[in-house]
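Enquirer: Heads up: the sequence shown at position 128 corresponds to 195 in our numbering, and the numbers run straight through without jumps.
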Amino acid sequence: MTLRRRSGQASRLSLIAAGATLALAVTIPAYGQGNGKGKDHKSTPPSQSVLPSPTISGGASASGAAPLAWIDDASVLPPGMLSLSISAVRWQGADLSEVNFPVVDMAVGLGSRIQLGASIPRIVGAADPSQAIGGVGTSYVSAKIALLNDMTSGLKLAVAPTLEILGEAAVRSLTSGQHRTQLGLPVMAEIERGSARLFGSAGYFSSGVWFAGGGVGVPLSPRVAISASFSRAWAADVTSSLARHRNEISGGAAFSLSPHVSVFGSLGHTIATADDNGAGTTVACGLSLLVLPSIK
C-alpha cells in the first residue's frame, strides 16, 4: 500500500513538474539573435528586449517544480526532490523566427519552504542566419520561498528572488548605465478550488521592468492536465516614443508517461503587442523528469 501511494504521488508530482517546466520553457524563447532587426525585417525577437519573455503555462498548473516562471504558483518542491527538464522552443514573428534547444531547467527542494532553481537556454538557429549569435542565452537563478500555506483556505503565497544574466542579444539592447545582470522579485499566489488551481504572479526587475499575470490549471485525468494563462510585461522608457509592453495568452498540456516522466507541449501568442516588442507565436515541447528523495 505504501509503494502504491508513493507511486500515485510521484505520478501527480511528475505531471505538475511537466506543467511547471512548460511555463518556464516558453519563458525563455530564442535569446541571442543578433543586434538589430536587420535591413529588411520589421520583427524584433523577444531575445533583443529587456522585457520578460513570453510565458505559457501547461499541465495542472505552473507548479513548484519550475525554477522560474513569470506566471507561476506558490508551491515549492518537497525537501530532496529534484526536477529536470529538456525542451525545445520556437518563436515566430511577422518575418523572423528563432529556435532554442536545449532549454535546460532544474529545481531542487532544500527544505519545507524553499527551493533553488536555474534555467539555461542554448540558441541553435534563426530564420535570418546573418543575425544569429548562438550559444548560451539569457539565464536565470532563483530561490523560491514559501510564505504562506493555509490548508484550510487552500491559499499559498511565495516570493522568488531572482538573478537574471542577460544573453548577448539582450545586452546589445541595453542603454548606457544598464548592466548585464539584473535582480528580480516575483511574488506568487495560488488557491485551490476542487481539482483546479488558480495562480498568479507580479513583480519587478532592477532594469525598470514590471510584469503581472495569472492562469488556471485543471487535471483532465490522473495522467493528463491542461492550463491557460495571460501575462503582461511593461517598462517606462522616457528616451523612446515606443510603448514598451508585451501581452501574451497561452495554453498547454502535460501527459504523464510514468510516475517520474512526463511530456508537455504548449502554444502562446501575443495580443496588442508591437513587432518591436517581440510580437509573435511561441511553440514549445519537452520532457520532464522527477527524482524523489531516497527513503532509508
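All C-beta atoms in this analysis are idealised placements derived from N, C-alpha and C, irrespective of residue type, glycine included.
(1) Okay, do the region 251-271 and the region 215-230 touch, 3+ Cβ pairs below 8 Å being the bar?
(2) Can you list, in chain order, the residues of its chain with a C-beta nearer than 8 Å to that of isoleucine 181? Leave out the 5 residues immediately preceding and following it.
(3) Would you say tyrosine 207 touches the ligand NAD, meaning its beta carbon is less than 7 Å from a heavy atom?
(4) Any Cβ of chain B within less than 8 Å of the Cβ of serine 206?
(5) May I ask you to report which of helix, strand or coil DSSP gives alanine 237?
(6) With distances taken between CB atoms, is the gap from isoleucine 316 to phenylalanine 331 smaller than 8 Å?
(7) Under 8 Å between the Cβ atoms of glycine 347 and serine 110?
(8) Please list, in chain order, all residues of the same chain as tryptophan 301 whose beta carbon is under 7 Å from its beta carbon, the five residues on each side excluded.
(9) Which whole-angstrom value describes the C-beta separation of arginine 189 and valine 208, a residue pair presumed to lie in contact below a C-beta threshold of 8 Å?
(10) Alpha carbon to alpha carbon, what distance is there between aspartate 140 and valine 285?
(11) Grouping DSSP H, G and I as helix and E and B as strand, with all else coil, what is leucine 162?
(12) So, with DSSP's three-state summary, where would you put aspartate 139?
(13) Quick one: using the 10 Å Cβ neighbour count with 16 as the cut-off for buried, is glycine 335 buried or exposed?
(14) Quick one, which of Phe322, Leu324, Pro326 and Gly318 has its alpha-carbon nearest threonine 337's?
(15) Specify, as a first and last residue, the run of the beta strand (DSSP E) that threonine 229 falls within.
(16) Taking only runs that begin and end inside the region 251-301, name each unbroken beta strand (DSSP E) of 3 or more residues, in chain order.
(17) Whole angstroms are fine: how far does the CA of alanine 155 sit from the CA of leucine 354?
(18) Cβ of alanine 280 within 8 Å of Cβ of glycine 270?
(19) Would you tell me roughly how many angstroms separate the C-alpha atoms of isoleucine 293 and leucine 324, rounded to the nearest one?
(20) What do you get for alanine 236, buried or exposed, if any count of 16 or more other CB atoms within 10 angstroms of its CB means buried?
(21) Based on Cα-Cα distance, which residue from Ala263, Arg290 and Arg260 lies nearest to valine 328?
Expert: In this structure, then:
(1) yes
(2) Translated into positions along the sequence shown, residue 181 becomes position 114. Cβ neighbours of isoleucine 181 beyond the five flanking positions: Val143, Ala210, Lys211, Ile212 and Ala213.
(3) Among the components modelled here there is no ligand, and therefore nothing to report on the ligand NAD.
(4) The structure shown contains no chain B, having only a single protein chain.
(5) Residue 237 sits at position 170 when you count from the first residue of the sequence shown. In this structure, alanine 237 counts as helix in the three-state DSSP scheme.
(6) Reading the sequence shown from its first residue, position 249 is the one you call residue 316. Reading the sequence shown from its first residue, position 264 is the one you call residue 331. Not a contact, by the Cβ cut-off of 8 Å.
(7) Stepping through the sequence shown from its first residue, residue 347 is reached at position 280. Stepping through the sequence shown from its first residue, residue 110 is reached at position 43. It is a contact, given that the beta carbons lie within the stated cut-off.
(8) Taking the first residue of the sequence shown as 1, we reach residue 301 at position 234. If we look at tryptophan 301 and ignore the five residues flanking it on each side, its Cβ neighbours are Trp277, Arg311 and His312.
(9) One-based indexing of the sequence shown puts residue 189 at position 122. One-based indexing of the sequence shown puts residue 208 at position 141. That belief does not hold up - the Cβ atoms of arginine 189 and valine 208 are roughly 16 Å apart, past 8 Å.
(10) Counting from one through the sequence shown, the residue named residue 285 turns up at place 218. Counting from one through the sequence shown, the residue named residue 140 turns up at place 73. Rounded to the nearest angstrom, the two C-alpha atoms are 13 Å apart.
(11) As a first step, residue 162 is located in the sequence shown; it is residue number 95 there, counting from the start. Reading off the sequence, residue 162 comes out as aspartate, not leucine. Coil.
(12) Working through the sequence shown from its first residue, we reach residue 139 at position 72. In the structure shown, aspartate 139 sits in coil (DSSP, three-state: anything other than H, G, I, E or B).
(13) Position 268 of the sequence shown, counted from the start, is the residue given in the question as residue 335. That one is buried.
(14) Locating residue 337 in the sequence shown gives position 270, where the first residue counts as 1. The shortest Cα separation from threonine 337 among Phe322, Leu324, Pro326 and Gly318 belongs to Gly318.
(15) As a position in the sequence shown, residue 229 is number 162, starting the count at 1. First-last of the beta strand (DSSP E) with threonine 229: 229-232.
(16) 263-272 and 276-286
(17) Stepping through the sequence shown from its first residue, residue 354 is reached at position 287. Stepping through the sequence shown from its first residue, residue 155 is reached at position 88. About 9 Å.
(18) Mapped onto the sequence shown, residue 280 falls at position 213. Mapped onto the sequence shown, residue 270 falls at position 203. With the sequence shown as reference, residue 280 is identified as glycine, and alanine is not the correct amino acid for it. Contact: no.
(19) Indexing the sequence shown from 1 puts residue 293 at position 226. Indexing the sequence shown from 1 puts residue 324 at position 257. C-alpha separation (whole angstroms): 15 Å.
(20) Residue 236 sits at position 169 when you count from the first residue of the sequence shown. The residue is buried, with at least 16 neighbouring Cβ atoms inside 10 Å.
(21) To locate residue 328, count along the sequence shown from 1; it is residue 261. The shortest C-alpha separation from valine 328 is found at Arg290.
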